[in-house]
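Enquirer: Position 231 of the sequence shown, counted from 1, bears residue number 266 in this note's numbering, the numbering being contiguous throughout. Virtual Cβ for every residue (Gly too), placed ideally from N, Cα, C. On a predicted model such as this, the values are computed, not experimentally measured, just so you know.
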Amino acid sequence: MAATRSLALAGMQLSRRLARLLTSQGALLLLFSLALFASFRYQTFLTPLNLMNIMRQNSMLAIVALGMTVVILSGGIDLSVGALVALGGVVAAMLAPQGSLMAIVGGIASTTLFGVVNGLLVSRARLQPFVVTLFTASAARGLALSITEEKSIAVSSAASGLVWLGRGFIGPVPVPVLMVALLYFAAWFMLHRSRLGLHIFAVGDNEEASRLMGVSPDRVKLAVYTISGLLSGLAGVVLAGRLGAGQPVAAFGWETDAIAAAVMGGTFLGGGQGSVFPTLVGVLLLGMMYNLLNLEGTITPWWQLVLRGGFLLLVVIFQQRIARRIQY
Numbered sequence: 036m037a038a039t040r041s042l043a044l045a046g047m048q049l050s051r052r053l054a055r056l057l058t059s060q061g062a063l064l065l066l067f068s069l070a071l072f073a074s075f076r077y078q079t080f081l082t083p084l085n086l087m088n089i090m091r092q093n094s095m096l097a098i099v100a101l102g103m104t105v106v107i108l109s110g111g112i113d114l115s116v117g118a119l120v121a122l123g124g125v126v127a128a129m130l131a132p133q134g135s136l137m138a139i140v141g142g143i144a145s146t147t148l149f150g151v152v153n154g155l156l157v158s159r160a161r162l163q164p165f166v167v168t169l170f171t172a173s174a175a176r177g178l179a180l181s182i183t184e185e186k187s188i189a190v191s192s193a194a195s196g197l198v199w200l201g202r203g204f205i206g207p208v209p210v211p212v213l214m215v216a217l218l219y220f221a222a223w224f225m226l227h228r229s230r231l232g233l234h235i236f237a238v239g240d241n242e243e244a245s246r247l248m249g250v251s252p253d254r255v256k257l258a259v260y261t262i263s264g265l266l267s268g269l270a271g272v273v274l275a276g277r278l279g280a281g282q283p284v285a286a287f288g289w290e291t292d293a294i295a296a297a298v299m300g301g302t303f304l305g306g307g308q309g310s311v312f313p314t315l316v317g318v319l320l321l322g323m324m325y326n327l328l329n330l331e332g333t334i335t336p337w338w339q340l341v342l343r344g345g346f347l348l349l350v351v352i353f354q355q356r357i358a359r360r361i362q363y
């Protein structure tokens, strides 16, 4: 009887360890497996040009996903990030004739303001994040379409610095890729080495308990939504520089990809658990999957949207089951 119990306990402990491993390293294992498969199937996959193209194309999404991860860690969600990317790019393009600095600052400031509004409505008005950010997504997208009259706005040649952010290089490294690396290191330091980071994890894990410990959940929520708005604007500015235009219909569906990247990286939708570098792995995994679909050439972009939504659903279901194994 004692031996049977010991075997059962050992089996439970092994199951929990495997669950934790899949939660923390599952996306990385899947990324390597997919890269190995692709290297055998497509001769052009491992070429430096294709790999650099994957990193450059997904650098803007990586910036958005970083903000989404911070929000989810606090127990919230931000469905406005895609619309804010479009708005930030449009504002930057419209201000480009006045110079790069005005364009960059204006684009980021416009979306940061929306982030502050999200934070205030969630923290002060006690509204659900889903409802609040769905409203601001609609408002931001509508504003972008309205001020541009549903047309793309070309970036003026006077804003060469803005174009450099999207297309430039520092040595052999594209500026957007270097920017992503710096932002993720800064976010990791903020989350794991600062008081704000500790408060974000505390609020996401148990808001009431964090309040009893002297943490202000309202300030934390305001901070994370402001960060998300700022990073969305930055992504929009970089995207406008890369495309050479601000497009009011840009970044459609990016909120889904950002959530998927964070969740694949092990960030729990309930909050309180996760980190930023696994989110970056999730972004690269998504980018690699879409790249493979394009190389395959048999799946249209519209069916890719269907696959994107279905993949996110499967990831969430898988994460919930893993969470139950860890808990029990």
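Please go through the same chain and pick out, in chain order, the residues whose beta-carbon is closer than 6 Å to the beta-carbon of V259, but skip the five residues on each side of it.
Expert: So the list reads V105, V106, S109, once near-sequence residues are dropped.
Enquirer: Are there 16 or more other CB atoms within 10 angstroms of the CB of W337, so buried, or fewer, so exposed?
Expert: So W337 counts as exposed.
Enquirer: Can you give me the start and stop residues for the alpha helix (DSSP H) that Q92 sits inside?
Expert: First-last of the alpha helix (DSSP H) with Q92: 83-92.
Enquirer: Can you give me the C-alpha to C-alpha distance between Y219 and P209, rounded to a whole angstrom?
Expert: Cα-Cα distance, rounded: 16 Å.
Enquirer: Apart from the five residues on each side of it in sequence, which residues of its chain come closer than 8 Å, Cβ to Cβ, to L347?
Expert: If we look at L347 and ignore the five residues flanking it on each side, its Cβ neighbours are T291, I294, A295, V298.
Enquirer: Locate the alpha helix (DSSP H) running through F165, then write down its first and last residues.
Expert: Per DSSP, F165 belongs to the alpha helix (DSSP H) from 164-183.
Enquirer: Which one of R246, N326, V151, Q282 has the shortest CA to CA distance from S74?
Expert: Ranking R246, N326, V151, Q282 by Cα distance to S74 puts N326 first.
Enquirer: Could you say if the segment 86-100 and the segment 312-322 meet the contact criterion of at least three C-beta pairs nearer than 8 Å?
Expert: At 8 Å Cβ cutoff, the stretches touch.
Enquirer: Relative to the C-alpha of V284, which residue among L226, S191, E243, L119 is closest?
Expert: Among L226, S191, E243, L119, the Cα nearest to that of V284 belongs to L119.
Enquirer: Going by DSSP in three states, P209 sits in which element: helix, strand or coil?
Expert: Reduced to three states, the DSSP call for P209 is strand.
Enquirer: Please report the straight-line C-alpha distance between G281 and L247, rounded to a whole angstrom.
Expert: Their backbone Cα atoms lie some 46 Å apart in a straight line.
Enquirer: Is the separation between the beta-carbon of G271 and that of A127 shorter than 8 Å?
Expert: In contact: G271 and A127 (Cβ atoms closer than 8 Å).
Enquirer: Would you list the residues sitting across from G281 in a DSSP beta bridge?
Expert: Looking at the DSSP assignment, G281 forms a beta bridge with I188.
Enquirer: Measuring alpha carbon to alpha carbon, tell me which of L66, G111, I89 ends up nearest N329.
Expert: The shortest C-alpha separation from N329 is found at I89.
Enquirer: So who's on the other strand from F346, going by DSSP bridges?
Expert: The partner list for F346 (beta bridge, DSSP) is empty, contrary to what the question assumes.
Enquirer: Taking the alpha-carbon of A179 as reference, which of G123, H234, F149, T82 has the nearest alpha-carbon?
Expert: Cα-wise, what sits closest to A179 is G123.
Enquirer: Would you mind working out which of S310, K186, G203 sits nearest L233, comparing C-alpha positions?
Expert: That would be S310, whose Cα lies nearest to the Cα of L233.
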